[in-house]
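Written out below as structure tokens is the structure these notes cover.
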Amino acid sequence: MNRRVFLISASTGGLAAITGLSAFSLTRTPTAALAPWAEAGTDRSDPRRFVVEHAVFAPNPHNRQPWIIELTGPLTMTLWCDLDRRLPHTDPFDRQIVIGLGCFTEIASLAAGAIGYRLDVAPFPEGEPAPRLDRRPVAHLMLVRDEAVHPDPLFGQIKLRRSTKRPFDMAKPVPAPVLAQLQALSGPLAVVSTLTDPDMVARVRASTREAWDIEAKTARTHQESVDLMRIGRREIEANPDGISLGGPFLEGLSLVGQLSRAQLADPASSAYRLGADMYRTMLAATPAYCAVAAPDESRSGQFAAGRAYLRLNLASAAAGLALHPVSQALQEFPEMADVKARLEAALGVAAPNRLHMLARVGYGPAVPQTPRWAASTRIRTA
Ligand SMILES: Cc1cc2nc3c(=O)[nH]c(=O)nc-3n(C[C@H](O)[C@H](O)[C@H](O)COP(=O)(O)O)c2cc1C
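Counting in this note's numbering, the sequence shown runs from 19 upward without gaps.
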């Protein structure tokens, strides 16, 4: 499909603008937007900055990077949510945003351990905001020198972890012992489960596809994603967050007028259909799922689910597996209610338990790191 659109573009003559395609390709990497990955941890003089430089690599919804870290003392920090970076249409109660902040905190804890500190975490120290987040802190974090702390092997996976938004190998099932290792990441605050039964996997695949269609066909929820799309290197470097549509192929399409936010918002456009086809192909190529659930509906449960998901993502990477969250069917906007209820029933999740993450798991291709704002841009001094 990609190729077909590309050839159509070429036949219009539009690609004459892109002479020397390979030279063009070489210049399309958003180098500045990826620089934080290479630079993290080079200076170990301030443990707080070391920890935050790694924590910003956390997976998070639409890569909005909603964290603000305030340095409150030589070894203390407060984690805040940047309330302007939430996703009110697809995440009306800021649940997914909190999960991302939990992922951030778990990386912070692993990074602290790598330099001999324990990270003491107090989530929602001034109470749990509801129904949406407010100006209260998400967590107080304290670094404590601790001889008993040893680097966790998962620390080594932080820069290798990805959300692999690609089709997985349907001929290569995930071995049961590997899945058992992932389930063993469960704790009292968050339960990790895996799903391989072919009938169940087929049902969940159908739900994820139906849910994707609902989100895409609901104008306001789709527009929320479209508004966050960064097309091509210049836009990605100007805003190294959101959904990056980069690389020579997509940037080439944009240059010849085949890929714009207006087209992506329009279900009748070929750009929209291309995106939908790619997503459906990807969702279909899913041999198994992982899920993370919390025992209650609380903010602390969401936060703990994020911490567990992060460990799941790193442990999957260590096992050579690709992981990719598919959250549409878990979202709380009214049009999704039926699919959400059916999925929860199929997975046996009933109140007070809460399903927080559903992710495709399998063997997938290597994919690049995603852009990040430098940690220094997210740090405030008290
Ligand atoms: C709570 C949560 C929900 C997410 N939901 C989705 C999703 O539905 N679809 C998707 O493609 N990625 C999803 N992601 C992955 C993010 O898009 C991804 O973490 C972000 O773009 C950064 O990319 P990276 O994880 O490869 O660094 C989710 C991540 C989190 C933490």
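We treat Cβ as the ideally placed atom computed from N, Cα and C, and that holds for glycine.
field: Nearest-angstrom beta carbon gap, A336 and G382 [assumed within contact, 8 Å]
entry: As a first step, residue 382 must be located in the sequence shown, where it is residue number 364. As a first step, residue 336 must be located in the sequence shown, where it is residue number 318. Actually they are not in contact, since the Cβ atoms of G382 and A336 sit about 15 Å apart, beyond 8 Å.
query: What did DSSP end up calling R248 once you bin it into helix, strand or coil?
result: For this step, residue 248 is matched to residue 230 along the sequence shown. Reduced to three states, the DSSP call for R248 is strand.
task: Starting from A157, follow the beta strand (DSSP E) in both directions and report where the run begins and ends.
output: For the purposes of this step, residue 157 is taken as residue 139 along the sequence shown, with counting starting at 1. Element bounds for A157: A157 to R163.
message: Nearest by alpha-carbon distance to A2: which of I86, L200 and Q175 is it?
response: Past the edges of the chain, shown from 19 to 400, lies residue 2, and the structure says nothing about it.
First and last residue of the uninterrupted beta strand (DSSP E) at I87: If you number the sequence shown from 1, residue 87 lands on position 69. It spans W85 to G91 - the beta strand (DSSP E) in which I87 sits, taken as one unbroken run.
- prompt: Residue ranges of each alpha helix (DSSP H) run of no fewer than 4 residues wholly in the stretch 217 to 288, ordered along the chain?
  reply: 237 to 244, 250 to 256, 266 to 273 and 279 to 283
field: DSSP state of R398 mapped onto helix, strand, coil
entry: For the purposes of this step, residue 398 is identified with residue 380 of the sequence shown, where counting begins at 1. Residue state, collapsed to three classes: strand.
query: Can you list, in chain order, the residues of its chain whose CB lies under 8 Å from that of R360, leaving out five sequence neighbours each side?
result: In the sequence shown, the residue the question calls residue 360 occupies position 342. So the list reads S225, once near-sequence residues are dropped.
Three-way DSSP call (helix, strand, coil) for D138 in this model: Within the sequence shown, the letter at position 120 stands for residue 138. The answer is strand: DSSP assigns D138 an E or B state.
message: For ligand 1, I want to know if N257 counts as a neighbour, meaning its beta carbon is within less than 6 Å of at least one of the ligand's heavy atoms.
response: Against the sequence shown, residue 257 aligns to sequence position 239. Every heavy atom of ligand 1 is 6 Å or more from the Cβ of N257, so no.
For M375: DSSP bridge partner residues: Here residue 375 refers to the residue found at position 357 of the sequence shown. Paired residue(s): V310.
- prompt: Quick one: does the C-beta of R180 sit closer than 6 Å to a heavy atom of ligand 1?
  reply: Locating residue 180 in the sequence shown gives position 162, where the first residue counts as 1. Because some heavy atom of ligand 1 lies under 6 Å away, the Cβ of R180 counts as near it: yes.
- prompt: What are the boundary residues of the alpha helix (DSSP H) that includes A335?
  reply: Stepping through the sequence shown from its first residue, residue 335 is reached at position 317. R317 to A336 is the extent of the alpha helix (DSSP H) around A335.
query: Using the rule of at least 16 other Cβ atoms within 10 Å of the residue's Cβ for burial, across every protein chain shown, is R21 buried or exposed?
result: As a first step, residue 21 is located in the sequence shown; it is residue number 3 there, counting from the start. Note on R21: pLDDT 39, under 50, position unreliable in the model; no value is reported.
query: When DSSP labels each residue in this structure, what does A166 get in the three-state scheme?
result: Locating residue 166 in the sequence shown gives position 148, counting from the first residue. The answer is coil: DSSP assigns A166 none of H, G, I, E or B.
- request: Label T299 either buried or exposed according to how many other C-beta atoms from any shown protein chain fall within 10 Å of its C-beta, with 16 as the threshold for buried.
  value: The sequence position of residue 299 within the sequence shown is 281, counting from 1. Exposed, because fewer than 16 other Cβ atoms sit within 10 Å of the Cβ of T299.
query: Helix, strand or coil for A50 per DSSP?
result: Along the sequence shown, one-based indexing puts residue 50 at 32. Residue state, collapsed to three classes: helix.
task: Kindly indicate which residue of A369, L365, H342 and A400 has the alpha-carbon position closest to the one of P79.
output: If you number the sequence shown from 1, residue 79 lands on position 61. Nearest option by C-alpha distance: H342.
message: Would G324 and I133 be called neighbours here (beta carbons separated by less than 7 Å)?
response: The count along the sequence shown starts at 1 and reaches residue 324 at position 306. The count along the sequence shown starts at 1 and reaches residue 133 at position 115. No, these two residues do not count as a Cβ contact at 7 Å.
- prompt: According to the Cβ coordinates, are R46 and E255 closer than 7 Å?
  reply: Within the sequence shown, numbered from 1, the residue matching residue 46 stands at position 28. Within the sequence shown, numbered from 1, the residue matching residue 255 stands at position 237. For R46 and E255, no; Cβs fall outside 7 Å.
query: Within 10 angstroms of its Cβ, does L178 collect 16 or more other Cβ (buried), or is it exposed?
result: Numbered from 1 along the sequence shown, position 160 holds the residue referred to as residue 178. Result: exposed.
- request: Return the CA-CA distance between D284 and S278, expressed in angstroms with no decimal places.
  value: What you label residue 284 is simply residue 266 of the sequence shown in a count that begins at 1. What you label residue 278 is simply residue 260 of the sequence shown in a count that begins at 1. The alpha-carbon atoms of D284 and S278 are separated by roughly 10 Å.
- prompt: Which residue's Cα is closest to the Cα of L197: P386, V357, S334 and A157?
  reply: Locating residue 197 in the sequence shown gives position 179, counting from the first residue. Among P386, V357, S334 and A157, the Cα nearest to that of L197 is on S334.
- prompt: Who are the Cβ neighbours of G250 in its own chain at under 6 Å, not counting the five residues just before and after it?
  reply: Indexing the sequence shown from 1 puts residue 250 at position 232. If we look at G250 and ignore the five residues flanking it on each side, its Cβ neighbours are E269 and S272.
query: Hey, A347 and K358 are a contact pair by Cβ (cut 8 Å); roughly how many whole angstroms apart?
result: Taking the sequence shown and counting its residues from 1, one reaches residue 347 at position 329. Taking the sequence shown and counting its residues from 1, one reaches residue 358 at position 340. Sure, about 6 Å apart at Cβ, within 8 Å.
query: With C-beta atoms as the reference, is P258 less than 7 Å away from A51?
result: Counted from its first residue, the sequence shown places residue 258 at position 240. Counted from its first residue, the sequence shown places residue 51 at position 33. Yes, they are a contact pair.
- request: Under 6 Å Cβ to Cβ from T182, same chain only, skipping five residues before and after it: list those, please.
  value: Here residue 182 refers to the residue found at position 164 when the sequence shown is read from its first residue. Excluding sequence neighbours, T182 sits near A340, H342, G382 and V385.
- prompt: Is V70 close to chain D, meaning its C-beta is less than 7 Å from at least one C-beta of that chain?
  reply: No chain D is part of this structure, which consists of one protein chain only.
field: Which of helix, strand or coil DSSP assigns to W391
entry: The residue you call residue 391 lines up with position 373 of the sequence shown. Three-state DSSP puts W391 in coil, outside helix and strand.
The alpha helix (DSSP H) enclosing T45, as first and last residue numbers: Counting from one through the sequence shown, the residue named residue 45 turns up at place 27. Here T45 belongs to no alpha helix (DSSP H), and DSSP marks it neither H nor E.
query: What residue range is occupied by the uninterrupted beta strand (DSSP E) comprising V209?
result: Position 191 of the sequence shown, counted from the start, is the residue given in the question as residue 209. Start and end: V209 to L213.
query: Which partner residues of T96 appear in the DSSP bridge assignment?
result: For the purposes of this step, residue 96 is identified with residue 78 of the sequence shown, where counting begins at 1. In DSSP, T96 forms a bridge with E88 and H158.
query: Between the beta-carbon of G260 and the beta-carbon of R252, is there less than 7 Å?
result: Mapped onto the sequence shown, residue 260 falls at position 242. Mapped onto the sequence shown, residue 252 falls at position 234. No, they are not a contact pair.
- request: Determine the direct distance from the alpha carbon of I397 to that of L330, and round the result to whole angstroms.
  value: Position 312 of the sequence shown, counted from the start, is the residue given in the question as residue 330. Position 379 of the sequence shown, counted from the start, is the residue given in the question as residue 397. L330 and I397: Cα-Cα distance of roughly 27 Å.
- prompt: Can you give the Cα-Cα distance for R221 and T96, rounded to whole angstroms?
  reply: Stepping through the sequence shown from its first residue, residue 221 is reached at position 203. Stepping through the sequence shown from its first residue, residue 96 is reached at position 78. Between R221 and T96, the C-alpha separation is close to 42 Å.
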